[in-house]
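Colleague: Please find one structure pasted underneath; my questions will follow.
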Amino acid sequence: MKWTYASQRKEYGRALVEIGQSRSDVVVLDADLSSSTRTSDFAKKFPERFFNCGIAEQDMMGTAAGLAASGKMVFASSFAVFATGRCWDQIRQSICYPNFNVKIVASHAGITVGGDGASHQTAEDIALMRTLPNMTVIVPADAMETYKAVKAVLDRPGPCYIRLGRVDFPVITSPDSPFRIGIANVMQEGDDVTLIGSGQMVALCLDAAEELQKRGLSAQVINMSTIKPLDEITLHNAIKRTGCIVTAEEHNVLTGLGSAVGLYVAEHGSCIVRCVGIPDAFGESGESEELMVKYGLTSARIVETAEEAIRRS
Amino acid sequence: MRCISLSNTSDEEIVLLRRKANLIRQHVLRMTFAAGSGHPGGSLSYADILAALYFKVMNHRPTDPMWEDRDRLVLSKGHAAPAYYAALSESGYFPVTELLELRKLGSRLQGHPSRAKTPGVEMSTGSLGQGLSVANGMALAARLDRRSYRVFCLCGDGEMQSGQIWEAAMLGAHYRLDNVTAFLDRNRLQIDGPTETIMAIEPLAKKWDAFGWNVIEIDGHDMKQIIDACDKAKLVKGKPTMIIAHTVKGKGVSFMENSIAFHGKAPNEEELKRGLRELGEHP
Numbered sequence: 001m002k003w004t005y006a007s008q009r010k011e012y013g014r015a016l017v018e019i020g021q022s023r024s025d026v027v028v029l030d031a032d033l034s035s036s037t038r039t040s041d042f043a044k045k046f047p048e049r050f051f052n053c054g055i056a057e058q059d060m061m062g063t064a065a066g067l068a069a070s071g072k073m074v075f076a077s078s079f080a081v082f083a084t085g086r087c088w089d090q091i092r093q094s095i096c097y098p099n100f101n102v103k104i105v106a107s108h109a110g111i112t113v114g115g116d117g118a119s120h121q122t123a124e125d126i127a128l129m130r131t132l133p134n135m136t137v138i139v140p141a142d143a144m145e146t147y148k149a150v151k152a153v154l155d156r157p158g159p160c161y162i163r164l165g166r167v168d169f170p171v172i173t174s175p176d177s178p179f180r181i182g183i184a185n186v187m188q189e190g191d192d193v194t195l196i197g198s199g200q201m202v203a204l205c206l207d208a209a210e211e212l213q214k215r216g217l218s219a220q221v222i223n224m225s226t227i228k229p230l231d232e233i234t235l236h237n238a239i240k241r242t243g244c245i246v247t248a249e250e251h252n253v254l255t256g257l258g259s260a261v262g263l264y265v266a267e268h269g270s271c272i273v274r275c276v277g278i279p280d281a282f283g284e285s286g287e288s289e290e291l292m293v294k295y296g297l298t299s300a301r302i303v304e305t306a307e308e309a310i311r312r313s
Numbered sequence: 001m002r003c004i005s006l007s008n009t010s011d012e013e014i015v016l017l018r019r020k021a022n023l024i025r026q027h028v029l030r031m032t033f034a035a036g037s038g039h040p041g042g043s044l045s046y047a048d049i050l051a052a053l054y055f056k057v058m059n060h061r062p063t064d065p066m067w068e069d070r071d072r073l074v075l076s077k078g079h080a081a082p083a084y085y086a087a088l089s090e091s092g093y094f095p096v097t098e099l100l101e102l103r104k105l106g107s108r109l110q111g112h113p114s115r116a117k118t119p120g121v122e123m124s125t126g127s128l129g130q131g132l133s134v135a136n137g138m139a140l141a142a143r144l145d146r147r148s149y150r151v152f153c154l155c156g157d158g159e160m161q162s163g164q165i166w167e168a169a170m171l172g173a174h175y176r177l178d179n180v181t182a183f184l185d186r187n188r189l190q191i192d193g194p195t196e197t198i199m200a201i202e203p204l205a206k207k208w209d210a211f212g213w214n215v216i217e218i219d220g221h222d223m224k225q226i227i228d229a230c231d232k233a234k235l236v237k238g239k240p241t242m243i244i245a246h247t248v249k250g251k252g253v254s255f256m257e258n259s260i261a262f263h264g265k266a267p268n269e270e271e272l273k274r275g276l277r278e279l280g281e282h283p
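Chains as they are written, first to last, in the working numbering: chain A, 1 to 313; chain B, 1 to 283.
Dropping the structure here:
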């Protein structure tokens, strides 16, 4: 499909500024990456409510906890690899255990960070966040959904993690598309296989569904924008309808969306599940598109995986 | 509890505060004995500071634990929870009888403080090095809300080995958080041995001064010095204060004093009796 592309980060910045206008209790923190994460948009507008913590993510999460303990709604941002990995214990002990209103919005997730290489890419952040009690994990599929997710976490008590990409993502939703935390959206109906994607992989699932149709196979496509809590009702219906699932994510295939879906299926029904994602390996430098191909994040891989899954079901 | 400004503390009041500290120490022994585990050493070392804060310095309302203008206290050295719980219960946050439930299944008194479970506990702690950042966050919130409450943070000396402490030191000075008063319980011992043998942290006063903090050094068992230091901290503008309180680990119980063994070991029945006798409890 010919997609138009838009920036998730830009929408994060736009949503934050709107939130800043309507809510005086919102405070934003960053760790020296505000121009990349776009918290700088908020900082320009509300300098008194923005605190740069420097390159000190652990301290940033602790400071966020203290602000939240005193009634503030806190957004804390950095690159996904630093916002989750460098300060995981602080998120666990100081934010999730006391169940504080800290919303971690992290950009540059996945492998499409590109040229910076493995040190700045992350295929582990969803695993790190979804294993924490009290944490909500959201992976918006595109720019518009990012805007909606950032607004939606205001009404979601407790810690939330929103994962954003560096590159522009295909636009697959409209301002009118429904978005609710914990509710997956069925983007397209089908009977032979269910393709469940998160982030920009939802667009690739739609591409794959188009290709499968040419080959006489009908695919249901689901945008699983909330990884935790998982929308078990939509999942249950998919199992009943197609009995054959392929997940697709820009994350380590062992520990993200695929394993969340796999656990549900293992416990609640029998159905073929196949997972497309980053293999259990570190990334490397390269253009985003090149990396997507090298690490198997393509619609062609989804198509061939779906065909194999259908043959076995 | 009433709020005090710079004022002379009467000798009578000092005696009463010392008694409170002694009471906290007795609770610590009984609690850790009943639990069969816990951390008496580091609890006894800062009992005087706790007594001064909860019964003199801090502005708080035990009957209204979430009162918005209350002074906050973050116990960064979360393993010293027994003394903390003793001070909270003696203040009236929960019944003193509950203290013996420490570390028991279903108890509100977790091995390390949990904000979600215990009235009066401002922050869940236990993973060392994290409390000062949280105190800073609370202080920033106070400034944003134009509230005059103060934030106290109690740090252990072993925690000074954590990088996050120094990140928080920078942030506190950078944002000029003069509403933060931190204590460093300098009892010189950590689990594996003396701090200077395990990982040297001195010169502490020079370090905190270099990081932009107002530094005050006191005898952490001298009630008057503790109160005076808090008063002085209140007067300093544009800088947070670090009060380096020189203390004795296990203070008040001879066989626990300067004992590494009693960092994380409960007394047995004989030791409990002896300890309580030394603290002046008459059965």
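All C-beta atoms in this analysis are idealised placements derived from N, C-alpha and C, irrespective of residue type, glycine included.
Please compile the residues from chain A whose C-beta is within a distance smaller than 8 angstroms of the C-beta of residue 84 (chain B).
Modeller: Taking the second sequence and counting its residues from 1, the one referred to as residue 84 (chain B) is at position 84. Going along chain A, no residue has its Cβ under 8 angstroms from residue 84 (chain B), so there is no contact; the nearest lies around 16 angstroms.
Colleague: Do you know offhand how far residue 76 (chain A)'s Cα is from residue 28 (chain A)'s?
Modeller: Within the first sequence, the letter at position 76 stands for residue 76 (chain A). Within the first sequence, the letter at position 28 stands for residue 28 (chain A). C-alpha separation (whole angstroms): 6 angstroms.
Colleague: Taking the alpha carbon of residue 236 (chain A) as the reference point, which residue from A:142, A:154 and A:186 has its own alpha carbon closest?
Modeller: As a working mapping, residue 236 (chain A) is identified with position 236 in the first sequence. Of the listed residues, the one whose Cα sits closest to residue 236 (chain A) is A:186.
Colleague: Going along chain C, which residues have a C-beta under 7 angstroms from residue 115 (chain B)?
Modeller: Looking for chain C here will not work: the only protein chains present are A and B.
Colleague: Residues of chain B with CB closer than 9 angstroms to the CB of residue 32 (chain A), please, in chain order.
Modeller: Sequence index remark: in the first sequence, residue 32 (chain A) carries index 32 (1-based). Here the premise fails: no neighbours, minimum Cβ distance about 12 angstroms.
Colleague: Taking the alpha-carbon of residue 77 (chain B) as reference, which of B:259, B:279 and B:182 has the nearest alpha-carbon?
Modeller: Translated into the one-based positions of the second sequence, residue 77 (chain B) becomes position 77. Closest option to residue 77 (chain B), Cα to Cα, is B:182.
Colleague: Along the beta strand (DSSP E) that carries residue 228 (chain A), what are the first and last residues, could you check?
Modeller: Stepping through the first sequence from its first residue, residue 228 (chain A) is reached at position 228. It spans 226-228 - the beta strand (DSSP E) in which residue 228 (chain A) sits, taken as one unbroken run.
Colleague: Would you decide whether residue 123 (chain B) is buried or exposed? Buried here means 16 or more other CB atoms lie within 10 Å of its CB.
Modeller: On the second sequence, residue 123 (chain B) is found 123 positions in, with the first residue counted as 1. Residue 123 (chain B) should be labelled buried.
Colleague: Return no unless some Cβ of chain A is closer than 8 angstroms to the Cβ of residue 223 (chain B).
Modeller: Here residue 223 (chain B) corresponds to residue number 223 of the second sequence, with the count starting at 1. No, residue 223 (chain B) lies away from the interface with chain A (no Cβ there is under 8 angstroms from its Cβ).
Colleague: Since residue 206 (chain A) contacts residue 1 (chain A) with CB under 8 angstroms, what's their CB separation in whole angstroms?
Modeller: Here residue 206 (chain A) refers to the residue found at position 206 of the first sequence. Here residue 1 (chain A) refers to the residue found at position 1 of the first sequence. So it is a contact: roughly 6 angstroms between Cβ atoms.
Colleague: From residue 174 (chain A) to residue 89 (chain B), what distance separates their C-alpha atoms?
Modeller: The residue you call residue 174 (chain A) lines up with position 174 of the first sequence. The residue you call residue 89 (chain B) lines up with position 89 of the second sequence. Answer to the nearest angstrom: the Cα atoms are 56 angstroms apart.
Colleague: May I have the straight-line CA-CA distance separating residue 261 (chain B) from residue 194 (chain B), to the nearest angstrom?
Modeller: Stepping through the second sequence from its first residue, residue 261 (chain B) is reached at position 261. Stepping through the second sequence from its first residue, residue 194 (chain B) is reached at position 194. Those two C-alpha atoms are separated by around 12 angstroms.
Colleague: Of all the CB atoms in chain A, is at least one closer than 8 angstroms to the CB of residue 160 (chain B)?
Modeller: Looking up residue 160 (chain B) in the second sequence gives position 160. Answer no: the Cβ-Cβ gap between residue 160 (chain B) and chain A never drops below 8 angstroms.
Colleague: Closer than 8 angstroms, Cβ to any Cβ of chain A: which residues of the segment 132-143 of chain B, in chain order?
Modeller: 132, 133, 134, 135, 136, 137, 138, 139, 140, 141 and 142
Colleague: Nearest chain B C-beta to residue 51 (chain A) closer than 8 angstroms, yes or no?
Modeller: Here the question's residue 51 (chain A) lines up with position 51 in the first sequence. True, the Cβ-Cβ gap to chain B drops below 8 angstroms.
Colleague: If you follow the alpha helix (DSSP H) that residue 301 (chain A) is in, where does it begin and where does it stop?
Modeller: Position 301 of the first sequence holds residue 301 (chain A). Counting along the chain, the unbroken alpha helix (DSSP H) around residue 301 (chain A) starts and ends at 299-312.
Colleague: Look at residue 116 (chain B) and residue 98 (chain A) and say whether their C-beta atoms are less than 8 angstroms apart.
Modeller: For the purposes of this step, residue 116 (chain B) is taken as residue 116 along the second sequence, with counting starting at 1. For the purposes of this step, residue 98 (chain A) is taken as residue 98 along the first sequence, with counting starting at 1. Yes, the pair counts as a contact, with Cβ atoms nearer than the cut-off.
Colleague: Output, in chain order, the set of chain B residues within a Cβ distance shorter than 7 angstroms of residue 83 (chain A).
Modeller: Counting from 1 along the first sequence, the entry for residue 83 (chain A) is found at position 83. Residues of chain B passing the Cβ test: none, with the nearest at roughly 15 angstroms.
Colleague: Where does the unbroken alpha helix (DSSP H) through residue 21 (chain A) begin, and where does it stop?
Modeller: The count along the first sequence starts at 1 and reaches residue 21 (chain A) at position 21. Looking at the DSSP string, the run of the alpha helix (DSSP H) that includes residue 21 (chain A) is 8-22.
Colleague: Check whether chain A comes within 8 angstroms of residue 167 (chain B), counting only Cβ atoms and requiring the distance to be less than that.
Modeller: As a first step, residue 167 (chain B) is located in the second sequence; it is residue number 167 there, counting from the start. With 8 angstroms as the cut-off, residue 167 (chain B) counts as an interface residue toward chain A.
Colleague: Taking just the CA atoms, how far does residue 157 (chain B) sit from residue 197 (chain A)?
Modeller: Within the first sequence, residue 197 (chain A) is the residue found at index 197, counting from 1. Within the second sequence, residue 157 (chain B) is the residue found at index 157, counting from 1. In a straight line, the C-alpha of residue 197 (chain A) is about 49 angstroms away from that of residue 157 (chain B).
Colleague: How about residue 241 (chain A) and residue 213 (chain A): are their beta carbons less than 8 angstroms apart?
Modeller: Translated into positions along the first sequence, residue 241 (chain A) becomes position 241. Translated into positions along the first sequence, residue 213 (chain A) becomes position 213. It is not a contact, given that the beta carbons lie outside the stated cut-off.
Colleague: Can you find a CB in chain A that lies within less than 8 angstroms of the CB of residue 156 (chain B)?
Modeller: Stepping through the second sequence from its first residue, residue 156 (chain B) is reached at position 156. Chain A, which has no Cβ nearer than 8 angstroms to the Cβ of residue 156 (chain B), makes this no.
Colleague: Would DSSP call residue 163 (chain A) helix, strand or coil?
Modeller: One-based indexing of the first sequence puts residue 163 (chain A) at position 163. Looking at residue 163 (chain A) - three-state DSSP - the assignment turns out to be strand.
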